[in-house]
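Position 50 (the sequence shown) corresponds to 34 in this note's numbering; numbering is contiguous.
Note that beta-carbon positions come from the ideal geometry of N, C-alpha and C, so glycine has one too.
One structure is given here, and the rest of the page talks about it.
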Amino acid sequence: MGMLKEIFSWWSGNTWGTRFTIWRQGQFVGEDEFGNRYYVQKSGVGPNGKPRRWVVYRHLSEPTQVPPDWFSWLHYTVDTPPTQETYHRRPWQKPHRMNMTGTPQAYRPSGSIVGAGQRQKTTSDYKPWRPQ
């Protein structure tokens, strides 16, 4: 089952084609705390005049899994990857979490259609029009 999953499911890791491209053109730069691996083009430049940078996700291909420090490097905001600099989080910064929309861990306020409970009524609550 593992081999079939690698051949047909591009969304849950890297396929054989991706592995070949990484072997041929990629240089490993680092790995984040979630297990995502980051690469840069070995030689030459991409279409924007800079070496290409890319990420291979550990699990699902969900871009919100990329932490802010690696996001900055991927999008050419900073030149040095987080593995080559000392990045210290501020005390007020929360740990990075991926977007939970569409998952069981998604935020559901009380009174939402899929959430439990009911919304409390307010004085300026909506009153629908009813024909008489």
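Would you list the one or two residues that DSSP bridges to G10?
Residue 10 sits at position 26 when you count from the first residue of the sequence shown. Paired residue(s): Q25.
Near T67, what residues of its chain come up, given a Cβ to Cβ distance below 7 Å and the 5 sequence neighbours on each side ignored?
As a first step, residue 67 is located in the sequence shown; it is residue number 83 there, counting from the start. Result list for T67: V13, G14, in chain order.
By the DSSP assignment, the beta strand (DSSP E) with W38 in it spans what residues?
Working through the sequence shown from its first residue, we reach residue 38 at position 54. W38 -> beta strand (DSSP E) spans 37 to 40.
Pairing CB atoms from the segment 88 to 95 with CB atoms from the segment 44 to 53, are three or more of them under 8 Å?
no
Bridge partners of E15, per DSSP?
Stepping through the sequence shown from its first residue, residue 15 is reached at position 31. R21.
Which same chain residues end up closer than 7 Å to V29 when comparing Cβ atoms and leaving out the 5 residues on each side of it in sequence?
As a position in the sequence shown, residue 29 is number 45, starting the count at 1. Excluding residues within five positions, the ones whose Cβ falls inside 7 Å are P35.
In the segment 50 to 108, which residue ranges form an unbroken alpha helix (DSSP H) of at least 4 residues, counting only runs that do not cross its ends?
Listed in chain order, the complete alpha helix (DSSP H) runs (minimum 4 residues) inside the segment 50 to 108 are 52 to 58.
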